[in-house]
Amino acid sequence: MDTLINIDNGGTLTDICVWDGTGFTFSKTLTTPHDLSECLFAGVEKASAALYGTADIERLLHSTQHIRYSTTQGTNALVERRGPMIGILTTMPDLAAAMRTTEAERDLFEGLVGDRVLVIDVAADEESTEFDVVQKVNRLTTLGAARVVVAGGDPEQERRLRAVLLRKFPRHLLGSVPLIYSWDLAGDRSAPRRAWSCVINSFLHPTMERFLYGAERRLKSYKIVNPLLVYRNDGASSRVAKSVALKTYSSGPRGGLEGTAALARAHGFEHTLMIDVGGTTTDVGVVVGDHVAADERGTIRGVPISYPMSNVHSKGVGGSSVIAVEDGRITVGPQSVGAAPGPACFGFGGKQATITDVNLLLGVLDPDTYLDGTFRLDPERSRTVVTETVADPLGISLEEALVRMEQAFFEALSSAFAHLVQENTTLAAFGGAGPMSATGAARPAGVKRVLVPRTAAVFSALGISFSDIGKTYEAGVPEPTTAATRTTYGELLGRAERDMFQEGYTLADCDASWQVVVEEEDGTPVSRAPYRPGDAVGHPERRVSLQLTITAPLPHPELTADQEVESRPASSVGSRSVRSAADRVDEVPVHVLTELSPGDTGAGPAIVEGPFFTARVLPGWTFRVTSGGDLLLHDTH
Numbered sequence: 011m012d013t014l015i016n017i018d019n020g021g022t023l024t025d026i027c028v029w030d031g032t033g034f035t036f037s038k039t040l041t042t043p044h045d046l047s048e049c050l051f052a053g054v055e056k057a058s059a060a061l062y063g064t065a066d067i068e069r070l071l072h073s074t075q076h077i078r079y080s081t082t083q084g085t086n087a088l089v090e091r092r093g094p095m096i097g098i099l100t101t102m103p104d105l106a107a108a109m110r111t112t113e114a115e116r117d118l119f120e121g122l123v124g125d126r127v128l129v130i131d132v133a134a135d136e137e138s139t140e141f142d143v144v145q146k147v148n149r150l151t152t153l154g155a156a157r158v159v160v161a162g163g164d165p166e167q168e169r170r171l172r173a174v175l176l177r178k179f180p181r182h183l184l185g186s187v188p189l190i191y192s193w194d195l196a197g198d199r200s201a202p203r204r205a206w207s208c209v210i211n212s213f214l215h216p217t218m219e220r221f222l223y224g225a226e227r228r229l230k231s232y233k234i235v236n237p238l239l240v241y242r243n244d245g246a247s248s249r250v251a252k253s254v255a256l257k258t259y260s261s262g263p264r265g266g267l268e269g270t271a272a273l274a275r276a277h278g279f280e281h282t283l284m285i286d287v288g289g290t291t292t293d294v295g296v297v298v299g300d301h302v303a304a305d306e307r308g309t310i311r312g313v314p315i316s317y318p319m320s321n322v323h324s325k326g327v328g329g330s331s332v333i334a335v336e337d338g339r340i341t342v343g344p345q346s347v348g349a350a351p352g353p354a355c356f357g358f359g360g361k362q363a364t365i366t367d368v369n370l371l372l373g374v375l376d377p378d379t380y381l382d383g384t385f386r387l388d389p390e391r392s393r394t395v396v397t398e399t400v401a402d403p404l405g406i407s408l409e410e411a412l413v414r415m416e417q418a419f420f421e422a423l424s425s426a427f428a429h430l431v432q433e434n435t436t437l438a439a440f441g442g443a444g445p446m447s448a449t450g451a452a453r454p455a456g457v458k459r460v461l462v463p464r465t466a467a468v469f470s471a472l473g474i475s476f477s478d479i480g481k482t483y484e485a486g487v488p489e490p491t492t493a494a495t496r497t498t499y500g501e502l503l504g505r506a507e508r509d510m511f512q513e514g515y516t517l518a519d520c521d522a523s524w525q526v527v528v529e530e531e532d533g534t535p536v537s538r539a540p541y542r543p544g545d546a547v548g549h550p551e552r553r554v555s556l557q558l559t560i561t562a563p564l565p566h567p568e569l570t571a572d573q574e575v576e577s578r579p580a581s582s583v584g585s586r587s588v589r590s591a592a593d594r595v596d597e598v599p600v601h602v603l604t605e606l607s608p609g610d611t612g613a614g615p616a617i618v619e620g621p622f623f624t625a626r627v628l629p630g631w632t633f634r635v636t637s638g639g640d641l642l643l644h645d646t647h
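Every letter in the sequence shown is one number past the one before it in the numbering used here, and letter 152, counting from 1, is 162.
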């Protein structure tokens with residue numbers, strides 16, 4: 011059982027990538043928002059057919075060591091505010107104000123918490139505190155709180171509140187209120203960050219819990235022994251029962267970044283920009299050398315949290331983004347038609363134009379080869395919506411509208427990453443819509459080199475292949491001494507041993523990395539250094555925290571390093587009529603990437619059809635097939 015299945019569930023399409031120890035097999039399927047387990051299993055079934063020649067989902071599942079799963083469900087739930095109302099019970103009178111210092115914080119606080127914040131006086135006697143806690147929890151639930159965050163100024167204050175809450179609201183009763191204790195979730199000394207982490211986690215938890223446990227139950231119907239693993243935004247994976255909902259947010263882009271780092275390593279790139287162009291958004295991240303850029307304390311929708319996160323930002327530009335006319339000009343996104351109804355050409359009732367419709371009418375997309383011929387596009391529906399929503403309002407021809415819409419999309423996509431471009435930048439373009447628009451978006455941003463992986467259509471799912479099973483722990487040391495640090499070391503080691511045992515591993519199977527972090531009073535790091543038990547620690551003027559990262563390694567693929575090979579003209583399988591201007595249609599060669607060999611070269615204008623994607627090579631660009639079968643493009647202008 012050495013097969014690993016990686017799944018990246020997006021808003022429009024769900025990608026499945028299977029690594030069998032020697033190579034990749036992958037497939038795509040439309041996301042089913044009404045029941046995400048449906049597209050999960052449909053995708054696995056498609057992958058089994060690609061792997062074995064005939065669909066055999068049971069055979070594939072029984073040969074699989076782990077299924078690693080990444081989903082946009084948490085991201086979408088937070089964007090759409092689909093989740094429970096949260097209450098906060100705190101011992102800190104100024105906590106609410108500290109959590110609302112920026113516009114982004116105020117907006118999210120109003121949407122998730124509102125006026126549901128009540129303060130407990132910890133200076134009161136035990137009887138008064140007990141009465142106050144009961145009254146205020148009841149008040150929070152009356153105000154609509156479905157989950158309550160308990161935030162104490164220090165761990166001892168939370169322990170006092172926990173003792174009361176366990177007695178007065180025992181978990182076995184139907185009236186029990188789901189509670190989360192801030193110091194349990196994070197050892198961060200910054201109270202606002204810690205509280206925000208709990209609020210967002212509490213909000214995401216029910217959505218993730220329902221779907222992931224539902225998928226796990228369905229897997230068990232196939233008598234699967236190994237658990238479903240959740241891929242996290244820190245680049246590691248863990249079983250559903252041991253995952254924190256907060257860490258599922260933006261986990262797909264982290265997979266893309268890990269894959270980009272592997273590509274950069276194979277090609278020797280110095281500075282690589284990832285653009286993952288999906289149906290709804292474009293995710294942008296940076297890889298320097300082969301190192302993923304990450305923030306020690308991440309942010310979610312502009313709100314600080316206690317956990318590290320990859321430094322990815324998203325823009326509402328994707329293959330399903332609505333292209334419309336506002337005040338006499340063409341706009342792109344952020345509204346998206348998603349998977350349902352989807353672009354008009356999908357035939358599911360979409361009434362708004364997207365770049366997918368535009369590329370179909372321009373001739374870039376072949377209606378019969380979309381998703382490798384498993385899904386036929388309807389150009390007449392695209393023609394109708396583009397005419398009604400863009401051409402007619404602007405008083406221009408359909409042909410002129412298509413050219414302007416494409417250029418507007420190029421510019422919108424370029425604006426998502428142009429500010430990050432350096433002289434030596436390579437643009438790694440993937441996602442279903444990335445290869446179609448990469449050269450068009452790269453030129454206005456000043457990027458001269460673009461790499462389109464041969465697995466571009468499922469690249470974030472492929473990136474998950476580089477993850478291991480892991481946990482990260484952080485705890486504040488009560489006092490900055492060698493003895494206290496050694497005690498905290500033992501406590502973290504005990505937590506790690508329990509957690510990894512539940513993942514199916516002993517500590518002897520794992521790699522451990524320890525760091526001692528010297529901090530300011532508010533948790534701002536001053537310095538960090540490797541830690542071994544017994545190391546001298548003495549910082550009387552500072553706070554000290556201990557961090558542990560524990561990892562159980564899984565098999566990883568190796569990407570082929572690029573080497574110089576003899577170049578020769580790339581063979582074509584025919585030509586396609588592609589509109590390049592309102593009054594001009596060119597016959598451009600069509601190349602099939604899987605039929606080309608390393609060293610094959612060509613020049614734009616051209617179309618390169620890859621597995622589940624179409625790449626457009628604009629005039630002035632050349633391309634070469636690399637040793638690993640990827641498409642490397644250069645701008646000669």
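Every residue gets a Cβ at the ideal spot worked out from N, C-alpha and C, and that includes glycine.
Next item on the list: Pick out whichever of Pro567, Tyr317 and Gly639 has its Cα sitting closest to the Cα of Val602.
Entry: Nearest of Pro567, Tyr317 and Gly639 to Val602, Cα basis: Gly639.
Note to self: Give me the residue from Arg228, Pro403 and Thr604 with the minimum Cα distance to Val583.
What the structure shows: Thr604
Margin query: Can you list, in chain order, the residues of its chain with a C-beta nearer than 8 angstroms to that of Ser207? Leave out the 5 residues immediately preceding and following it.
Written below: Around Ser207, the same chain offers Ser192, Leu195, Ala196, Asp198, Leu256, Ile315, Ser316 and Tyr317 as residues with beta carbons nearer than 8 angstroms, after the five sequence neighbours per side are excluded.
Note to self: With a threshold of 6 angstroms on Cβ separation, who are the neighbours of Glu576 within its own chain once the five nearest residues in sequence on each side are excluded?
What the structure shows: Gly609
Item checked: Contact check, Leu214 vs Ala114, beta carbons under 8 angstroms -> no
Notebook entry, point to check: Nearest to Ala443 by CA position, among Glu433, Ala625 and Ala571, is which residue?
Noted result: Selected option, being the one with the closest Cα: Ala625.
Check: So, are the CB atoms of Ala438 and Leu273 less than 8 angstroms apart?
Finding: yes
Check: In whole angstroms, what is the alpha-carbon distance linking Ala350 and Gln417?
Finding: 26 angstroms
Check: Which value, in whole angstroms, describes the spacing of the CA atoms of Trp524 and Ile365?
Finding: 48 angstroms
Note to self: If you follow the alpha helix (DSSP H) that Ala107 is in, where does it begin and where does it stop?
What the structure shows: Leu105 to Ala108
Check: Which residue comes first and which comes last in the alpha helix (DSSP H) that contains Asp7?
Finding: As displayed, the chain neither begins before 11 nor continues past 647, which places residue 7 out of reach and without an answer.
Notebook entry, point to check: With a Cβ-Cβ cutoff of 8 angstroms, do Ile98 and Ala205 count as a contact?
Noted result: yes
Check: Do Ser261 and Gly533 have their C-beta atoms closer together than 8 angstroms?
Finding: Between Ser261 and Gly533, the C-beta gap is not smaller than 8 angstroms, which leaves the two residues out of contact.
Checklist line | Residue environment, Asp293, which counts as buried when at least 16 other CB atoms sit within 10 Å | finding: Of the other Cβ atoms in all chains shown, 16 or more fall within 10 Å of the Cβ of Asp293; this residue is therefore buried.
Check: What first and last residue would you give for the alpha helix (DSSP H) that runs through Phe440?
Finding: Under the DSSP assignment, Phe440 falls outside any alpha helix (DSSP H), being part of the beta strand (DSSP E) whose first and last residues are Thr435 to Phe440.
Check: Helix, strand or coil: which one does DSSP assign to Glu462?
Finding: The amino acid at residue 462 is misidentified as Glu; the sequence shows Val. Strand at Val462.
Item checked: Beta-carbon proximity list for Thr85, same chain, < 7 angstroms, skipping 5 on both sides -> Here Thr85 has Tyr259 and Ser260 as same chain residues with Cβ atoms under 7 angstroms from its own Cβ, once five neighbours each way along the sequence are excluded.
Next item on the list: May I have the straight-line CA-CA distance separating Gly441 from His277, to the nearest angstrom?
Entry: Cα to Cα, Gly441 sits roughly 20 angstroms from His277.
Checklist line | Beta-bridge pairing of Gln417 - partner residues as DSSP gives them | finding: Within the DSSP bridge table, the entry for Gln417 names no partner.
Checklist line | Whole alpha helix (DSSP H) elements within the segment 69–107, 4-residue minimum | finding: 83–90
Next item on the list: Assign Pro550 to buried or exposed, taking buried as 16 or more other Cβ atoms, counted over all protein chains shown, within 10 Å of its Cβ.
Entry: exposed
Item checked: Local conformation of Gly504 per DSSP, three classes -> In the structure shown, Gly504 sits in a helix (DSSP, three-state: H, G or I).
Next item on the list: Using three-state DSSP, classify Cys7 as helix, strand or coil.
Entry: Residue 7 lies beyond the residue range present for the chain, which begins at 11 and ends at 647; the question has no answer from this structure.
Notebook entry, point to check: If we count the other Cβ atoms within 10 Å of its Cβ and call it buried at 16 or more, is Leu176 buried or exposed?
Noted result: exposed
Notebook entry, point to check: Secondary structure at Thr611, three-state DSSP: helix, strand or coil?
Noted result: strand
Check: Roughly how many angstroms lie between the CA atoms of Ala251 and Ser425, to the nearest whole one?
Finding: Going by the C-alpha atoms only, they are around 40 angstroms apart.
Margin query: Rounding to the nearest angstrom, what Cα-Cα distance links Val160 and Arg92 in this structure?
Written below: Taking the straight line joining both Cα atoms gives about 22 angstroms.
Note to self: Tell me the rounded alpha-carbon separation between Met446 and Thr482.
What the structure shows: 38 angstroms
Check: Pick from Gly348, Gly357, Asn19 and Leu283: whose alpha carbon is nearest that of Val298?
Finding: Leu283
Margin query: Considering only DSSP beta bridges, list what Pro579 is partnered with.
Written below: Thr611
Item checked: Contact between the segment 540–549 and the segment 488–498 (3+ Cβ pairs under 8 angstroms) -> At 8 angstroms Cβ cutoff, the stretches touch.
Next item on the list: Quick one: grab the DSSP three-state call for Gln167.
Entry: helix
Check: Looking at the unbroken beta strand (DSSP E) that takes in Arg649, where does it start and where does it end?
Finding: For the chain, the structure presents residues 11 to 647; residue 649 sits outside this window and is missing.
Margin query: In whole angstroms, give me the CA-to-CA distance for Leu404 and Leu412.
Written below: 12 angstroms
Next item on the list: Classify Val460 as buried or exposed, calling it buried when 16 or more other Cβ atoms lie within 10 Å of its own Cβ.
Entry: buried
Check: Alpha carbon to alpha carbon, how far is Val28 from Leu641?
Finding: 21 angstroms
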